[in-house]
Amino acid sequence: MTVVVLTGASSGIGRAAAKLCAARGDRLVLAARSRAGLEALAEAHAPGALVHTVDVADRVSVEALADAAVARYGRIDVWVDTAAVMAYGRFEDVPAEVFDQVIATDLIGSANVARAALRVFRSQGAGTLVLTGSLVGHVTAPYMSAYATAKWGQRALARTLRQETRDAKHIHVCQVVPGGVDTPIYTSAANYAGRIGRPPPPVDTAERVARVALKLADRPRAEASVGLTNRVVEFGFAALPRVYDALVGPMMRAVALSGRPVDPHEGNVFASRTRDDGGPARWGRGAAAAGAAAAAALSLAGAVALRARRGR
Numbered sequence: 001m002t003v004v005v006l007t008g009a010s011s012g013i014g015r016a017a018a019k020l021c022a023a024r025g026d027r028l029v030l031a032a033r034s035r036a037g038l039e040a041l042a043e044a045h046a047p048g049a050l051v052h053t054v055d056v057a058d059r060v061s062v063e064a065l066a067d068a069a070v071a072r073y074g075r076i077d078v079w080v081d082t083a084a085v086m087a088y089g090r091f092e093d094v095p096a097e098v099f100d101q102v103i104a105t106d107l108i109g110s111a112n113v114a115r116a117a118l119r120v121f122r123s124q125g126a127g128t129l130v131l132t133g134s135l136v137g138h139v140t141a142p143y144m145s146a147y148a149t150a151k152w153g154q155r156a157l158a159r160t161l162r163q164e165t166r167d168a169k170h171i172h173v174c175q176v177v178p179g180g181v182d183t184p185i186y187t188s189a190a191n192y193a194g195r196i197g198r199p200p201p202p203v204d205t206a207e208r209v210a211r212v213a214l215k216l217a218d219r220p221r222a223e224a225s226v227g228l229t230n231r232v233v234e235f236g237f238a239a240l241p242r243v244y245d246a247l248v249g250p251m252m253r254a255v256a257l258s259g260r261p262v263d264p265h266e267g268n269v270f271a272s273r274t275r276d277d278g279g280p281a282r283w284g285r286g287a288a289a290a291g292a293a294a295a296a297a298l299s300l301a302g303a304v305a306l307r308a309r310r311g312r
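Structural data, given as structure tokens:
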């Protein structure tokens with residue numbers, strides 16, 4: 001049976017992955033900051049799983065998690081890291097300590113996980129690490145400076161690690177790259193934008209992203225994008241940056257920030273808190289139509305740019 005470590009397992013994509021792994025009989029190590037959430041998950045879906053409280057931003061905590069997994073099962077075959085936090089707001093409005101903690105969790109946390117996983121993988125000669133990136137690791141968007149900075153850094157880290165593990169053909173470093181996903185990260189985020197965040201359409205389920213992450217674990221490749229318009233948005237970002245920059249601000253305000261007002265707060269950036277789960281239907285058809293229109297505009301702009309380049 002496959003031994004799988006899941007960091008960020010208490011909610012969202014990590015929780016969905018835990019359910020899928022349990023259903024197929026994997027031996028599980030469930031880790032996150034919320035022990036209560038992990039214990040509830042294990043009791044309902046993964047009896048016998050090792051539950052371990054961890055903050056990925058704390059390197060010592062992550063190393064202890066790796067040691068606990070090996071002590072219980074003798075090895076780690078797959079490590080899927082989905083732990084992440086987010087902060088909304090203009091860069092100058094987000095407190096420095098909040099910005100820094102988002103980086104600590106989403107980038108340094110990924111580095112801590114990778115360091116611990118690779119230590120075990122090197123000792124046993126095999127293993128697959130799956131990091132959860134983001135479309136915002138390929139493009140930029142206003143009001144998400146800390147998250148975008150972290151995810152761009154994580155993508156650079158993943159590629160570097162793939163280069164450095166070319167000498168070990170059975171060690172793999174992968175990234176799953178989702179766009180909008182129906183998870184609590186948006187409503188749990190720190191917020192200094194005045195309006196509660198929401199996943200931009202089209203919105204995928206956490207289960208779909210989890211399935212793709214586990215598929216990477218079974219058949220490793222560098223990256224798997226999850227999101228109908230991801231490639232279109234990336235193409236517009238790269239092909240015609242001025243048009244993209246003109247459109248992305250209005251698009252974010254229309255589809256990535258809800259109409260629900262909120263006072264400034266630090267969300268779950270520094271500590272776990274009760275999650276406010278939602279669903280993509282909550283955003284309504286207007287938001288979906290606006291997102292589709294913006295994606296179409298980016299696609300058209302990119303196509304025009306590509307045509308112009310070919311005509312030179």
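Each residue of the sequence shown is one higher than the last, beginning at 1 in the UniProt record's numbering.
From the three backbone atoms N, C-alpha and C, an ideal C-beta is built for every residue, glycine too.
DSSP places isoleucine 185 in the uninterrupted alpha helix (DSSP H) bounded by 185-188. The DSSP assignment places complete alpha helix (DSSP H) segments of no fewer than 4 residues inside the segment 15-54 at 35-45, in order along the chain. In this structure, valine 136 sits away from isoleucine 76, with a CB-CB distance that is not shorter than 8 Å. In this model, serine 61 and aspartate 55 are separated by some 6 Å (Cα to Cα).
The DSSP-derived three-state label of serine 258 is strand. Under the DSSP assignment, valine 130 falls in the beta strand (DSSP E) whose first and last residues are 127-132. Taking the Cα positions, glutamate 164 is about 10 Å away from leucine 157.
For asparagine 230, the CB contacts under 6 Å within the same chain, skipping 5 residues up- and downstream, are Leu135 and Gly179 in chain order. Per DSSP, the unbroken alpha helix (DSSP H) holding proline 250 starts and ends at 241-251. The alpha helix (DSSP H) runs lying completely inside the segment 163-225 and spanning 4 residues or more are 185-188 and 206-218, given in chain order. Counting the other CB atoms within 10 Å of its CB gives histidine 170 a total below 16, which places it among the exposed residues. A check of alpha carbon separations from arginine 260 across Arg195, Asp81 and Val4 identifies Arg195 as the nearest.
Per DSSP, the unbroken alpha helix (DSSP H) holding valine 70 starts and ends at 59-73. By the Cβ-count criterion, arginine 27 is buried, with 16 or more other Cβ atoms from all chains shown falling within 10 Å of its own Cβ. If the five residues before and after leucine 161 are omitted, its C-beta is found closer than 8 Å to the C-beta atoms of Ala114, Leu118, Leu129 and Val173, all from its own chain and listed in chain order. By DSSP's assignment, threonine 7 forms a beta bridge with Ala31 and Asp81.
Judged by pairs of C-beta atoms under 8 Å, the segment 87-105 does not touch the segment 42-49, as fewer than three such pairs exist. Taking every protein chain shown into account, the CB of phenylalanine 91 has fewer than 16 other CB atoms within 10 angstroms, so this residue is exposed. Cβ contact annotation for proline 200 (same chain, cutoff 6 Å, sequence separation greater than five): Gly180, Val255, Ala256 and Gly291, in chain order. Shown here for arginine 35: same chain residues with a beta carbon closer than 8 Å to its own, the five before and five after excluded, namely Val51 and Thr53 in chain order. Cβ-Cβ distances below 6 Å link glutamine 124 to Arg75 in the same chain, with the five nearest sequence neighbours on each side left out; the list follows chain order. The three-state reading of DSSP puts alanine 271 in coil, since its state is none of H, G, I, E or B.
Here arginine 33 has Asp55 and Ser272 as same chain residues with Cβ atoms under 6 Å from its own Cβ, once five neighbours each way along the sequence are excluded. Proximity to alanine 239 across Val212, Val139 and Gly8 peaks at Val139, based on C-alpha coordinates.
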